[in-house]
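Participant: For the sequence shown, the positions run 0 to 375 when the numbering used here is used. I'd like to ask some things about the structure below.
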Amino acid sequence: MPTDAPAPPVPLLNLPAHHAALADDFRDLFQTFVASGQFVLGPYVESFERALADYCGVAHAVGVSSGTDALLVALMALDIGPGDEVVTTPFTFFGTAGTVARLGAKPVFVDIEPDTYNLDASQLDAAVTSKTKAVIPVDLYGQLADSDAVAKVAQRHGLRVVEDAAQAIGARDGKGRAAGSLGDIGCFSFYPTKNLSAMGEAGACMTDDDDLADRMRKLRNHGQTGPYEHAMVGGNFRLDAVQAMILERKLAELDGWTAARRRLAARYDDALRDAPFVTPAVAPGNEHVYHQYTIRAADGRRADLMKHLADWGIGHRVYYPLPLHLQPCFADQGYQRGDFPVAERSAEQVLSLPVYPELTDAQQQRVIDALLTFNG
Ligand SMILES: Cc1ncc(COP(=O)(O)O)c(C=O)c1O
0 MPTDAPAPPV
10 PLLNLPAHHA
20 ALADDFRDLF
30 QTFVASGQFV
40 LGPYVESFER
50 ALADYCGVAH
60 AVGVSSGTDA
70 LLVALMALDI
80 GPGDEVVTTP
90 FTFFGTAGTV
100 ARLGAKPVFV
110 DIEPDTYNLD
120 ASQLDAAVTS
130 KTKAVIPVDL
140 YGQLADSDAV
150 AKVAQRHGLR
160 VVEDAAQAIG
170 ARDGKGRAAG
180 SLGDIGCFSF
190 YPTKNLSAMG
200 EAGACMTDDD
210 DLADRMRKLR
220 NHGQTGPYEH
230 AMVGGNFRLD
240 AVQAMILERK
250 LAELDGWTAA
260 RRRLAARYDD
270 ALRDAPFVTP
280 AVAPGNEHVY
290 HQYTIRAADG
300 RRADLMKHLA
310 DWGIGHRVYY
320 PLPLHLQPCF
330 ADQGYQRGDF
340 PVAERSAEQV
350 LSLPVYPELT
360 DAQQQRVIDA
370 LLTFNG
């Protein structure tokens, strides 16, 4: 326990502080918004979609109701359904594979790289069968998966690629290509904890393909092709105009916020160089956006580290404690512990620390002090 005067806790995230500087703007925007009466899709959504597509350098952005629904709409647009297999990583948020299963298809997992935590593309070939239709690489923690390696395998086997870029908006690879632009369809989440966040639920599907964009626009609105005429069965995956309005205003700030996250990450890297933790590895050329700053504790030491951080009042969380192949709902898929050792070991060791633009130097120093006094 620290012996100095008790310091205020350092939260894992501080959403009130995140929005405080924009409060006046939001008040003005909201007044105009209320007067507009345009609350679902419409001009606010179209304007945000244009800004988002330009930001990512893709032809189309299709605003939807969440990141999960973005994945669902993307897979529906690619006609994924019963009998199909979709290959992905077991070390991700549940929605990545849950959407595959919800469409009646089978999520097939391959292990991850130990340093980046992203899908290990060298294992993809072995997972492909005659039923495989698509692969979903995930840009975990804000670092792009190896899209060139994934694309090579996808081309060889005629697979479609859905990039789960939920955590990585603003990230770029060595060729300057942006998160969300690296597959046939890229999916974003704007959940309140994300680097670009709504004040509620929101997401988007990104694509350069005009036909896929058209299908996704229809699918998000019950497959409607004209007034009460439905060419396909979709759902209500529409984006609220209020979220689009908020997101477009915040998009203008995103690069500044990302720069702040990178500064914080660099400071953690320096301070923890000799500490008994593994700090994030960034693949050459990748521009990580540090949705999470995630360290690894030595085998068997994470629980003690978490207790130590809790004693110091430092917010922290494990993303993700149970890999997807071991989730109870996938028990009938035939996977067992030991199938994906890198993902399983990562799930036992990783720990994410506070990293957000509003984190002050003093708060970050306190996190660092807590970590350096841990007897790891
Ligand atoms: C990797 C990943 N995929 C999908 C999602 C789903 O997004 P949402 O929570 O907006 O439905 C998330 C967000 O939690 C995520 O982190």
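Ideal Cβ positions, reconstructed from N, Cα and C, are used throughout, including at glycine. The structure presented is a predicted model; accordingly, all values stated were derived computationally and were not measured.
#1: Should the stretch 73-80 be called in touch with the stretch 240-251, which here means at least 3 C-beta pairs below 8 Å?
#2: Between the stretch 276-285 and the stretch 163-173, can you find at least three pairs of beta-carbon atoms closer than 8 Å?
#3: Taking 7 Å as the cut-off, is the CB of residue 286 close to at least one heavy atom of ligand 1?
#4: With a CB to CB cut of under 7 Å and the five nearest residues on each side skipped, what residues in its chain are close to residue 116?
#5: Per the DSSP calculation, residue 328 is bridged to which residue(s)?
#6: Would you call the CB atoms of residue 107 and residue 85 closer than 8 Å?
#7: Less than 8 Å between the beta carbons of residue 160 and residue 182, yes or no?
#8: Starting from the C-beta of residue 16, find all residues in its chain whose C-beta is less than 7 Å away, skip the five residues before and the five after it, and write them out in chain order.
#9: Would you call the CB atoms of residue 314 and residue 353 closer than 8 Å?
#10: Our contact map puts residue 59 next to residue 206 with C-beta atoms below 8 Å; I'd like the distance itself, whole angstroms only.
#11: Quick one: using the 10 Å Cβ neighbour count with 16 as the cut-off for buried, is residue 194 buried or exposed?
#12: Just to check, is the beta-carbon of residue 239 closer than 7 Å to a non-hydrogen atom of ligand 1?
#13: Please report the straight-line C-alpha distance between residue 296 and residue 212, rounded to a whole angstrom.
#14: When we look at the beta-carbon of residue 321 and count the other beta-carbons within 10 Å, is it buried (16 or more) or exposed?
#15: By a C-beta neighbour count over all protein chains shown, 10 Å radius and 16 as the cutoff for buried, is residue 154 buried or exposed?
#16: Which one or two residues does DSSP pair with residue 319 in a beta bridge?
#17: Check residue 138 in the structure and name its three-state DSSP category.
#18: Should residue 219 and residue 99 be called a contact, given that it needs their Cβ atoms to be closer than 8 Å?
#19: Quick check: residue 340 and residue 110, are their CB atoms within less than 8 Å of each other?
#20: Given that a residue counts as buried once 16 or more other Cβ atoms are within 10 Å of its Cβ, and exposed if not, what is residue 48?
#21: How long is the line joining the alpha carbons of residue 334 and residue 325, rounded to whole angstroms?
#22: Going by alpha carbons, who is nearest to residue 144 out of 126, 129, 176?
#23: Mapping DSSP to helix, strand and coil, what is residue 133?
#24: Answer yes or no: the CB of residue 165 versus the heavy atoms of ligand 1, is any distance below 7 Å?
#25: Can you grab the Cα-Cα spacing for the pair residue 376 / residue 5, in whole Å?
#26: List in chain order: all unbroken beta strand (DSSP E) runs of 3+ residues lying wholly within the stretch 234-317.
#27: Leaving aside the five residues before and after residue 122 along the sequence, list all residues of the same chain whose C-beta is less than 7 Å from its C-beta, in chain order.
#28: Note the first and the last residue of the continuous alpha helix (DSSP H) segment covering residue 163.
#29: Span of the alpha helix (DSSP H) holding residue 156?
#30: If residue 350 and residue 300 are in contact, beta carbons under 8 Å, what's the gap, nearest whole angstrom?
#31: Start and end of the beta strand (DSSP E) containing residue 105?
#32: Check whether the Cβ of residue 112 sits closer than 7 Å to any heavy atom of ligand 1, and report yes or no.
#33: Can you have a look at residue 33 and say buried or exposed, based on whether 16 or more other CB atoms are within 10 angstroms of its CB?
#34: Which whole runs of the beta strand (DSSP E) in the stretch 54-127 are 3 residues long or more, in chain order?
#35: Under 6 Å Cβ to Cβ from residue 105, same chain only, skipping five residues before and after it: list those, please.
#36: Could you check which residue in 200, 53, 252 has the C-alpha nearest to that of residue 191?
Facilitator: According to the data block:
#1: no
#2: yes
#3: Taking the first residue of the sequence shown as 1, we reach residue 286 at position 287. Checking the Cβ of residue 286 against ligand 1 gives no.
#4: Your numbering for residue 116 matches position 117 in the sequence shown. The residues are 90, 139, 140, 345.
#5: In the sequence shown, counting from the first residue as 1, residue 328 sits at position 329. Beta-bridge pairing links residue 328 to no other residue.
#6: On the sequence shown, residue 107 is found 108 positions in, with the first residue counted as 1. On the sequence shown, residue 85 is found 86 positions in, with the first residue counted as 1. Yes, Cβ-Cβ distance for residue 107 and residue 85 is below 8 Å.
#7: Residue mapping note: residue 160 aligns to position 161 of the sequence shown, counting from 1. Residue mapping note: residue 182 aligns to position 183 of the sequence shown, counting from 1. Contact flag set, yes.
#8: The count along the sequence shown starts at 1 and reaches residue 16 at position 17. Contacts found: 357.
#9: Sequence index remark: in the sequence shown, residue 314 carries index 315 (1-based). Sequence index remark: in the sequence shown, residue 353 carries index 354 (1-based). Closer than 8 Å, so yes.
#10: The residue you call residue 59 lines up with position 60 of the sequence shown. The residue you call residue 206 lines up with position 207 of the sequence shown. At roughly 5 Å, the Cβ-Cβ gap stays under 8 Å, so residue 59 and residue 206 are in contact.
#11: On the sequence shown, position 195 is the one that residue 194 refers to. Buried, by the Cβ-count rule.
#12: Working through the sequence shown from its first residue, we reach residue 239 at position 240. Not under cutoff, so the answer is no.
#13: Locating residue 296 in the sequence shown gives position 297, where the first residue counts as 1. Locating residue 212 in the sequence shown gives position 213, where the first residue counts as 1. Their backbone Cα atoms lie some 43 Å apart in a straight line.
#14: Within the sequence shown, residue 321 is the residue found at index 322, counting from 1. It counts as exposed.
#15: The residue you call residue 154 lines up with position 155 of the sequence shown. By the neighbour-count rule (16 or more Cβ atoms within 10 Å), residue 154 is not buried but exposed.
#16: The residue given as residue 319 occupies position 320 in the sequence shown. DSSP lists no partner for residue 319.
#17: On the sequence shown, position 139 is the one that residue 138 refers to. Coil at residue 138, not helix or strand.
#18: Residue numbering aside, residue 219 sits at position 220 when the sequence shown is read from its first letter. Residue numbering aside, residue 99 sits at position 100 when the sequence shown is read from its first letter. No, Cβ-Cβ distance for residue 219 and residue 99 is not below 8 Å.
#19: Numbered from 1 along the sequence shown, position 341 holds the residue referred to as residue 340. Numbered from 1 along the sequence shown, position 111 holds the residue referred to as residue 110. The answer is yes: Cβ separation under 8 Å.
#20: Along the sequence shown, read from residue 1 onward, the residue named residue 48 stands at position 49. It is buried - the Cβ of residue 48 has at least 16 other Cβ atoms within 10 Å.
#21: Start at 1 with the first residue of the sequence shown, and residue 334 comes out as number 335. Start at 1 with the first residue of the sequence shown, and residue 325 comes out as number 326. Cα to Cα, the separation comes out at about 7 Å.
#22: Mapped onto the sequence shown, residue 144 falls at position 145. Ranking 126, 129, 176 by Cα distance to residue 144 puts 176 first.
#23: By one-based count along the sequence shown, residue 133 stands at place 134. Residue state, collapsed to three classes: strand.
#24: The sequence position of residue 165 within the sequence shown is 166, counting from 1. The answer is yes for residue 165.
#25: There is no way to answer for residue 376, as the model of the chain reaches only from 0 to 375.
#26: 292-295
#27: Start at 1 with the first residue of the sequence shown, and residue 122 comes out as number 123. These residues qualify, in order along the chain: 109, 110.
#28: Here residue 163 refers to the residue found at position 164 when the sequence shown is read from its first residue. Element bounds for residue 163: not the alpha helix (DSSP H) but the beta strand (DSSP E), 159-163.
#29: Mapped onto the sequence shown, residue 156 falls at position 157. First-last of the alpha helix (DSSP H) with residue 156: 146-156.
#30: Translated into the one-based positions of the sequence shown, residue 350 becomes position 351. Translated into the one-based positions of the sequence shown, residue 300 becomes position 301. Not confirmed; about 10 Å, so no contact.
#31: By one-based count along the sequence shown, residue 105 stands at place 106. Segment 105-108, the beta strand (DSSP E) holding residue 105.
#32: In the sequence shown, residue 112 corresponds to position 113, counting from 1. Not under cutoff, so the answer is no.
#33: The residue you call residue 33 lines up with position 34 of the sequence shown. Exposed: under 16 other Cβ atoms inside 10 Å.
#34: 59-63, 84-87, 105-108
#35: Here residue 105 corresponds to residue number 106 of the sequence shown, with the count starting at 1. Answer for residue 105: 84, listed in chain order.
#36: As a working note, residue 191 is residue 192 in the sequence shown. Of the listed residues, the one whose Cα sits closest to residue 191 is 200.
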